[in-house]
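To convert, count from 1 in the sequence shown and add 228; that's this note's numbering. Note that beta-carbon positions come from the ideal geometry of N, C-alpha and C, so glycine has one too.
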Amino acid sequence: MKLWKRWTAAALAAAMALLLLAACGPSGPSAPDAPDKPGSSETGKDPTDEKTEAQKVAAVVEALNTVRKNNGNNTPLELNEQACVFAKEMAQVQLDGVNGKYGKNPSTNTDYTAACAKVRNKKVGEKTSIGVGALQRAYPDANQFEKWAVKKWANETEKASVERNNALVKKEATLVGVGVVQNADPSTRDKIPFMVVVMTY
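Structural data, given as structure tokens:
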């Protein structure tokens, strides 16, 4: 009788173990899903595309750090995920401006300036944005950052924008974000396929 009870207990324990294994999987209850593969019917980007994008962003940060150093600013910038989110939001605002959402002259449109200010005023931790630069259809390189560092404004309307471009290179910052938005507007997409924004904090 005792032997029968032992076998029953062992069988129950084995059954419970199998149930737990089936529910959780071999890696435990929070095992991550497998990433999408190239050609998969599931939604998601081809990892090679993401790698290329990451390389382009890294090149932007490297170029900016080099130009900052050449201009006497030895504070290296660290790419920050939250800053990249804000830079992408700003890129969308800039693209909307190009695509006519804020009229023919966005710089004099109060809705446009308010949309830009809303993004600029967002903080990364305790840090506020101190430099913003936007470029259509190209990733900024060392030459572009050099131009932004020395550019002068033509009038008072242009002043604030140019000063924010200058600040990318000349102002002290420790964090940087790079945001890219693809242009979905068929009327401007050929001329401006995407917008890139760089923001420092």
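Run through DSSP, which three-state label would residue 336 get? Mapped onto the sequence shown, residue 336 falls at position 108. Here residue 336 sits in helix by DSSP.
What are the start and end residues of the beta strand (DSSP E) that includes residue 363? Working through the sequence shown from its first residue, we reach residue 363 at position 135. 359-364 is the extent of the beta strand (DSSP E) around residue 363.
Between the Cα of residue 386 and the Cα atoms of 404, 295, 399 and 333, which residue gives the shortest distance? Indexing the sequence shown from 1 puts residue 386 at position 158. The shortest C-alpha separation from residue 386 is found at 333.
Candidates 307, 373 and 314, of which the one nearest residue 343 by Cα: Start at 1 with the first residue of the sequence shown, and residue 343 comes out as number 115. Cα-wise, what sits closest to residue 343 is 314.
Should residue 288 go down as buried or exposed, given a rule of 16 or more other Cβ atoms within 10 Å for buried? Locating residue 288 in the sequence shown gives position 60, counting from the first residue. By the neighbour-count rule (16 or more Cβ atoms within 10 Å), residue 288 is buried.
Residue 316: buried (16+ other C-beta within 10 angstroms of its C-beta) or exposed? Position 88 of the sequence shown, counted from the first residue, corresponds to residue 316. Around the Cβ of residue 316, a 10 Å sphere holds 16 or more other Cβ atoms; the residue is buried.
Residue from 428, 416 and 429 with nearest C-alpha to residue 323: Residue numbering aside, residue 323 sits at position 95 when the sequence shown is read from its first letter. With distances taken between Cα atoms, residue 323 lies closest to 416.
Under the three-state DSSP convention, the category residue 325 falls into: Indexing the sequence shown from 1 puts residue 325 at position 97. It is helical.
Say whether the region 357-364 touches the region 393-409, bearing in mind that this needs 3 or more beta-carbon pairs closer than 8 Å, one atom from each stretch. Verdict: yes, contact present.
Can the beta-carbon of residue 352 be found less than 8 Å from the beta-carbon of residue 307? For the purposes of this step, residue 352 is taken as the residue at position 124 of the sequence shown. For the purposes of this step, residue 307 is taken as the residue at position 79 of the sequence shown. Contact flag unset, no.
With burial defined as no fewer than 16 other Cβ atoms inside 10 Å of the residue's Cβ, what is the status of residue 426: buried or exposed? Taking the first residue of the sequence shown as 1, we reach residue 426 at position 198. Around the beta carbon of residue 426, 16 or more other beta carbons sit within 10 angstroms, so the residue counts as buried.
Test item: CB-CB of residue 414 and residue 365 under 8 Å: The residue labelled residue 414 in the question sits at position 186 within the sequence shown. The residue labelled residue 365 in the question sits at position 137 within the sequence shown. For residue 414 and residue 365, no; Cβs fall outside 8 Å.
Report the three-state DSSP secondary structure of residue 355 (helix, strand or coil). Translated into positions along the sequence shown, residue 355 becomes position 127. DSSP places residue 355 in strand when its eight states are reduced to three.
When the Cα atoms are used, what is the spatial distance from residue 325 to residue 375? In the sequence shown, the residue the question calls residue 325 occupies position 97. In the sequence shown, the residue the question calls residue 375 occupies position 147. C-alpha separation (whole angstroms): 22 Å.
Measuring CA to CA, which of 335, 301 and 283 is closest to residue 367? Taking the first residue of the sequence shown as 1, we reach residue 367 at position 139. It is 283 whose Cα lies nearest to the Cα of residue 367.
DSSP three-state label for residue 305, please. Position 77 of the sequence shown, counted from the first residue, corresponds to residue 305. Residue 305 carries a coil assignment under DSSP once its states are collapsed to helix, strand and coil.
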